[in-house]
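Undergrad: According to full-length UniProt numbering, the sequence shown is numbered sequentially starting from 1. Once you've had a glance at the structure underneath, I'll fire off some questions.
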Amino acid sequence: MTRHARNCTAGAVYTYHEKQKDASQSGYGTQNERVGKDSIKSFDCCSLTLQPCRTPVVSPEGHLFDKEALLQYMITKKTEYCRKLKEYEKQKHKEEEELAELGRAEQQSKVNDFLKRENMVKKQNDIYKMKSQKRSEKNVSSISNMANGLDKQLPSFWVPSETPDAKKAPMQKPVRNVMLS
């Protein structure tokens, strides 16, 4: 009796099927799809335009660029930087104005409170009576969620008056350097 079934892995040749099986099990590399010639940049083409270079320039990293395309790219990036910087400065100025407005409003409310306290004509007895009445009202408060003005507050976020405001995300200061590749 021969031992054909016993020596199935003892062959000297590494077959295509074994290569495929080992590659799929190891998880290293892919051969799902072969890429064509058009997916690879030609040797003499610019890295920005992917067209043959008329006046080639090589970067220190070894990337090939067309001088005209490179200058155009740098000009575009500089104008974009200027635009972003102006937007950033506008946003920063607007935030400063809002903070100043809040400070003025807070100062005005403090002044109004002070004037209100100074212009009180009532006697101290009346003030104590009012405080005691407020305390008794707090103690008698209802358990209902519709008391004390809570019926005016709607918990429904879909009501137009209760929808949250969509604010723009704060911008970061743009980077001045022009990055290639």
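Here a beta-carbon is modelled for each residue, glycine too, at the ideal position from N, C-alpha and C. All values derive from a computational prediction rather than experimental measurement.
1. Touch check for the segment 68-80 and the segment 44-60: three-plus C-beta pairs under 8 Å?
2. What residues in its chain sit with their C-beta under 7 Å from that of S156, if we drop five residues either side in the sequence?
3. Could you round the C-beta distance between M171 and Y88 to whole angstroms and report it? I think they count as a contact, below 8 Å.
4. Does the beta-carbon of R82 have 16 or more other beta-carbons within 10 angstroms, so that it is buried, or is it exposed?
5. Alpha carbon to alpha carbon, what distance is there between K167 and W158?
6. Can you give the Cα-Cα distance for T79 and A105, rounded to whole angstroms?
7. State the beta-bridge partners of V178 as determined by DSSP.
8. Return the CA-CA distance between A169 and V57, expressed in angstroms with no decimal places.
9. Give me the DSSP bridge partner(s) of V58.
10. Can you tell me whether C8 is buried or exposed, with buried defined as 16 or more other CB within 10 angstroms of its CB?
TA: By the coordinates alone:
1. yes
2. On the sequence shown, residue 156 is found 156 positions in, with the first residue counted as 1. Once the five neighbours on either side are set aside, the close Cβ partners of S156 are E162.
3. Along the sequence shown, one-based indexing puts residue 171 at 171. Along the sequence shown, one-based indexing puts residue 88 at 88. With 8 Å as the limit, M171 and Y88 qualify as a contact, their Cβ atoms being about 5 Å apart.
4. For the purposes of this step, residue 82 is taken as the residue at position 82 of the sequence shown. Note on residue identity: the sequence assigns Cys, not Arg, to residue 82. The residue is exposed, with fewer than 16 neighbouring Cβ atoms inside 10 Å.
5. Translated into the one-based positions of the sequence shown, residue 158 becomes position 158. Translated into the one-based positions of the sequence shown, residue 167 becomes position 167. When rounded, the distance between both Cα atoms is 18 Å.
6. Residue numbering aside, residue 79 sits at position 79 when the sequence shown is read from its first letter. Residue numbering aside, residue 105 sits at position 105 when the sequence shown is read from its first letter. The straight-line gap from Cα to Cα measures roughly 39 Å.
7. Here the question's residue 178 lines up with position 178 in the sequence shown. V178 is not bridged to any residue.
8. On the sequence shown, position 169 is the one that residue 169 refers to. On the sequence shown, position 57 is the one that residue 57 refers to. Looking at the two C-alpha atoms, the distance is approximately 39 Å.
9. Here residue 58 refers to the residue found at position 58 of the sequence shown. Partner(s): L64.
10. As a first step, residue 8 is located in the sequence shown; it is residue number 8 there, counting from the start. Result: exposed.
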